[in-house]
Amino acid sequence: MYVAVKGGERAILNSHKLVAEERRGDPAVPELGLAQITEQFRLAVDRVMNEGSVYDPELAALALKQAQGDSIEAIFLLRAYRTTLPRIAVSRPIETAEMAVRRRVSAAYKDMPGGQVLGPTYDYTHRLLDFALAAEGETVPEAEQAASPLPETMLPVLDILSHEGLIEEEVADREGEPVFDVTRDPMSFPAGRDQRLQNLARGDEGFVLGLAYSTTRGYGGSHPFVGELRMGEVSVEIVPEELGFPIDIGDITVTECQMINQFKGSAEKPPQFTRGYGLSFGHCERKAMAMSLVDRALRCKELGEDALYPAQDDEFVLSHTDNVEAVGFVTHFKLPHYVDFQAELELVRKMRAEQARVEPQEAAE
Amino acid sequence: MTSGQTAGNGVGQTAQHGTKDRVEARRFWMSVLARAPREELEAVFAGLAACPEHRFLRPPEIGLVMVQGRAGGGGNAFNLGEMTVTRCALQFADGTVGLGYVQGRDRRRAEIAAILDALLQSPGTHPDLEQTVIAPLAAAQAARRDARSRKAASTKVEFFTMVRGDNPK
């Protein structure tokens, strides 16, 4: 018999109060300000902006504060807020070749115009806990400044290979055509590269990283080189309808990864290098690199390669990257399933009884 | 806009170039205003002789712009994610329309940017504001960019070749 039940309102309200108290922690400890989060937890803010799919450091900081630093909960909050705002415009594609570079390295070329610029990276740190940071009130650290700035723009490293014809050309031949938008269009398969790239850009860093790892461990036959990894500021331009010409509405920080992969050639194409591409809001280098590997793996069909592994299966990959959807489904199992469970319980009891009736008969025969 | 579009048969050329220059000038000051932090815009606004009467065509409004990237950096467009933007449109009594489009969710920044955009289009106030407002804001932005770039430049790797048996003494 199904019995509808109500209740739990007071319990829920009180749990809100309890979580608010837990979030605040010991009131003797000063409360975190959003500026502290944006300034001192910047990489956490960047991840939330990237997977929350909204570039707004202050909102991402608020989401992190509200979620007690749980990045996936914060991403969920940002995605929910996003739905309350109208979309004013679609930007012109950002030009990463014109980036004001703050970090730029290549694993393929040692000496390229502009050189290897390490920028703010943990790559060459010793990964030893720094107890000096535990003592507050340290002197404000100051970076060195070179006598002259970097060149205004830096030539993309892959242009070097491109001039020799040794890497596939990246051609913009769909100008003016509609671009897939996962926030408005239902997923469809086989997915175009625009759908795949948007999906990966907002996809869960851990999931995309794991898939990327799998492609290099024998589940995708990837032999990648980082052609170029760059981070810095790019300007965003829109063409407001009331003006009819493009205007610059500000700078955003992005990280871009150009991954080079070997390609043995096909009937139509000579042996050459192929590309995998990763792009993220903020300084999310691990994510941009992982994205570029998975992008390349998902391009297998267009390059005439067999799709044998999970990372090469667009339906598998794109259906499972989104951590808001994944969390929604996985964690809904903790919500009341009392009736479903009662039904299962009845079923198991019935099966037991059935078995008990059949077995003695069999033994007697 | 390329110069090829305006290269024509001579007659309309000057006028078209004039329009092009005006558009370029406006694009420049709008980009400077869009990048100016709140405090700098407030300081500029406080320094204005008088703010002309105006009415909102569109009161400051927060929205999103979908930012696109290009596959491989130079290929076809894809949607990367959205950014918050605040826009504002207002009109002076003489009909001049000022627009503000600024990154983020600060309505006041969009409003001041729109007022300044209108003032900069008015021949009477333009030369003065270009000197006293846009030039210093642009200089501050260039200085910030220069400092960032020089800090990055300090991390540029200088390779040297190791020669076997040639240990430094």
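Chains W and C, in that order, are what the protein sequence lines are. Mapping to our numbering: the first sequence position 353 is 353, numbers consecutive. Mapping to our numbering: the second sequence position 164 is 529, numbers consecutive. Cβ coordinates follow ideal geometry from the N, Cα and C atoms, glycine included.
When the beta-carbon positions are compared, C/M395 and C/A500 stay at least 9 Å from each other.
Across the segment 120-145 of chain W, CB contacts with chain C closer than 7 Å involve A143, E144 and Q145, in sequence order along the chain.
At least one beta carbon of chain C lies nearer than 9 Å to the beta carbon of W/E170. At a cut-off of 9 Å between beta-carbon atoms, C/F443 makes contact with chain W. The DSSP-derived three-state label of C/P501 is helix.
For the segment 14-45 of chain W, there are no residues whose beta carbon sits under 8 Å from a beta carbon of chain C.
With respect to C/Q433, W/S91 sits close: the two C-beta atoms are nearer than 9 Å.
Counting along the chain, C/A442 sits inside no alpha helix (DSSP H); it lies in the beta strand (DSSP E) bounded by residues A442 to F457. For the set W/D70, W/P113 and W/T125, the Cα lying nearest the Cα of W/L158 is the one of W/P113. For C/L429, the residues of chain W that pass the 8 Å Cβ criterion are V54, R82, L85, P86, R87 and I88, in the order they occur in the chain. Its Cα nearest to that of W/G220, the residue W/V294 stands out among W/S148, W/P336, W/G278 and W/V294.
Residue-level contact check: W/P93 touches chain C, since one or more beta carbons of chain C fall below 9 Å from its beta carbon. For W/H163, the enclosing alpha helix (DSSP H) stretches over residues L158 to H163. For W/H126, the three-state secondary structure derived from DSSP is coil. Scanning chain W for C-beta atoms nearer than 8 Å to the C-beta of C/T449 yields V54, Y55, D56, L59 and L85, reported in chain order. The beta-carbon distance between W/Q258 and C/N444, rounded to whole angstroms, is 19 Å. This is too long to meet the 8 Å contact definition.
Going by DSSP, W/F41 is part of no alpha helix (DSSP H) at all; its letter is neither H nor E. Positions of the alpha helix (DSSP H) runs, each at least 4 residues long and wholly inside the segment 269-353 of chain W, are given as 285-298, 314-320 and 323-331 in order along the chain.
With respect to W/Y109, C/G438 sits apart: the two C-beta atoms are not nearer than 9 Å. Taken through DSSP and simplified to helix, strand or coil, W/R357 comes out as helix.
C-alpha of W/L62 to C-alpha of W/K334: approximately 27 Å in a straight line. In the structure shown, C/F421 falls within a strand segment according to DSSP collapsed to helix, strand and coil. Setting aside the 5 residues that flank it on each side, W/L211 is surrounded in the same chain by V294 and A311, each with a C-beta closer than 6 Å to its C-beta; the list follows chain order. Taking the Cα of C/F410 as reference, the smallest distance to any Cα among C/Y466, C/T497 and C/T526 is reached at C/T497.
Using a 10 angstroms sphere on the CB of W/F329, the tally of other CB atoms stays under 16, which defines it as exposed. Considering only W/T153, W/R193, W/L150 and W/P151, the residue with the shortest C-alpha distance to W/V171 is W/R193. C-alpha of W/Y213 to C-alpha of W/Q116: approximately 25 Å in a straight line. Under the three-pair Cβ rule at 8 Å, the segment 412-423 of chain C counts as touching the segment 453-464 of chain C. Its Cα nearest to that of W/P270, the residue W/L166 stands out among W/P120, W/D185, W/H332 and W/L166.
C/G428 and W/I88 do touch by the CB rule: their CB atoms are close to 4 Å apart, below 8 Å.
Ranked by Cα distance from W/L161, the first of W/L18, W/S106, W/K17 and W/N50 is W/S106. The contact set of C/Q468 on chain W, defined by CB atoms closer than 7 Å, consists of I249 and G250 in chain order. Taking a 10 Å sphere around the C-beta of W/Q36, we find fewer than 16 other C-beta atoms and assign the residue as exposed. Contacts between W/A100 and chain C, judged by CB atoms closer than 8 Å, involve R510, R513 and S514 in chain order. A direct Cα-Cα distance of roughly 58 Å separates W/D306 from C/E404.
DSSP lists no beta-bridge partner residue for W/P178.
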